[in-house]
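Trainee:
Residue numbers (the numbering used here), protein chains in the order written: chain A, 1 to 143; chain P, 1 to 171.
(1) Are the Cβ atoms of residue 8 of chain P and residue 155 of chain P separated by less than 8 Å?
(2) Beta carbon of residue 99 of chain A, beta carbon of residue 73 of chain A: below 8 Å?
(3) At a Cβ threshold of 8 Å, is residue 2 of chain A touching chain P?
(4) Kindly provide the ranges of any alpha helix (DSSP H) runs that are 4 or more residues long and lie completely inside the segment 54-107 of chain A, ordered along the chain.
(5) At a Cβ cut of 7 Å, what residues of the segment 70-95 of chain P count as close to chain A, listed as they run along the chain?
(6) Report all residues from its chain with a CB closer than 6 Å to the CB of residue 141 of chain A; omit the five preceding and five following residues, and keep chain order.
(7) Would residue 98 of chain P pass as a contact of residue 11 of chain A if the rule is Cβ separation under 8 Å?
(8) Scan the segment 30-62 of chain P for residues whose Cβ lies nearer than 8 Å to a Cβ of chain A and list them as they occur along the chain.
(9) Which value, in whole angstroms, describes the spacing of the CA atoms of residue 25 of chain A and residue 2 of chain P?
(10) Please identify the residue among P:42, P:96 and P:39 whose C-alpha is closest to the C-alpha of residue 153 of chain P.
(11) Measuring CB to CB, does residue 104 of chain A end up less than 8 Å from residue 48 of chain A?
(12) When the distance is taken between beta carbons, is residue 55 of chain A closer than 8 Å to residue 87 of chain A?
(13) List the residues of chain P whose Cβ lies closer than 8 Å to the Cβ of residue 32 of chain A, in chain order.
(14) So does residue 83 of chain P have its beta carbon nearer than 7 Å to some heavy atom of the ligand MG?
(15) Contact criterion: CB-CB distance below 8 Å. Does residue 102 of chain P meet it with respect to chain A?
(16) Please report the straight-line C-alpha distance between residue 4 of chain A and residue 107 of chain P, rounded to a whole angstrom.
(17) Taking 8 Å as the CB-CB cut-off, is residue 97 of chain P touching chain A?
(18) Would you verify that the beta carbon of residue 8 of chain A is, or is not, closer than 8 Å to some beta carbon of chain P?
Structure (structure tokens):
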């Protein structure tokens with residue numbers, strides 16, 4: 001039993017070395033506070049000030065979008081990604097505009113995931129940001 | 001019989017090494033159309049070999065909604081290397097009992113997390129082989145995971161009945 005523990009601890013320690021090396025290698029790309037890096041987020045006030053130079057993308061499910069959404073926002077969620085993305089690209093998208101993606105709150109992941117897919121899959125060259133605090137923050141600051 | 005168990009050990013170890021590589025290395029997609037296309041894709045893939053973005057695995061861990069984000073990030077760096085070290089230990093029979101115990105613990109935690117996520121209605125497509133196994137259903141993920149657990153337990157039992165082999169392998 002002691003030998004088993006000793007071996008287990010040794011293996012656990014061995015794995016620390018390359019993990020620490022990799023963490024050092026990627027130190028500039030680690031986001032410790034949220035799954036979306038701070039540089040990829042935008043505060044509601046700043047996003048509002050962008051006015052017509054920003055396209056608002058609602059990443060929430062259809063039902064939430066239909067209930068209410070940011071004025072002028074278009075729905076682009078992962079449930080109907082293949083259907084909504086071409087519509088977005090044909091009707092709303094412009095290479096010069098910033099894109100602000102939001103979901104329900106700070107803790108939801110949908111906006112971050114949609115923003116990443118727009119960058120990596122759709123390969124949009126735009127400045128794509130995730131709205132800090134999401135729809136909840138939009139509502140709070142609107143009042 | 002002993003040889004057959006060695007093969008099982010190498011296979012289980014290889015599964016762990018493969019599972020870890022899917023998280024550490026950014027694999028280029030490979031087409032299986034013809035041997036020439038396949039070979040060309042492999043060569044191109046090797047030329048463009050690079051680290052996978054650990055944030056992707058951190059997001060996969062975060063999808064389970066069990067751990068705080070910061071801890072998930074730390075695990076995203078650590079777990080793949082623990083898997084690869086356990087896998088290599090199983091293949092080369094070094095620190096063997098410890099590797100078996102850790103492999104079993106990793107699998108049980110992973111299966112427990114997957115079942116807990118499923119029970120809470122979280123749809124997780126990423127299994128222990130990263131996004132390579134995205135196409136598999138939850139049921140198939142479970143079949144694969146339990147098969148690995150069965151392999152590890154069988155190896156452990158066989159080693160328990162053959163302590164001299166374990167003793168040698170631990171050196």
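Here a beta-carbon is modelled for each residue, glycine too, at the ideal position from N, C-alpha and C.
Mentor: With the structure as the only source:
(1) yes
(2) no
(3) no
(4) 62-67 and 81-91
(5) 70, 73, 77, 78, 81, 82, 85, 86, 89 and 95
(6) 44
(7) yes
(8) 51, 53, 54, 55, 58, 59 and 62
(9) 42 Å
(10) P:96
(11) no
(12) no
(13) 69, 70 and 73
(14) Absent from the structure shown: the ligand MG. Ligands present: none.
(15) yes
(16) 18 Å
(17) yes
(18) yes
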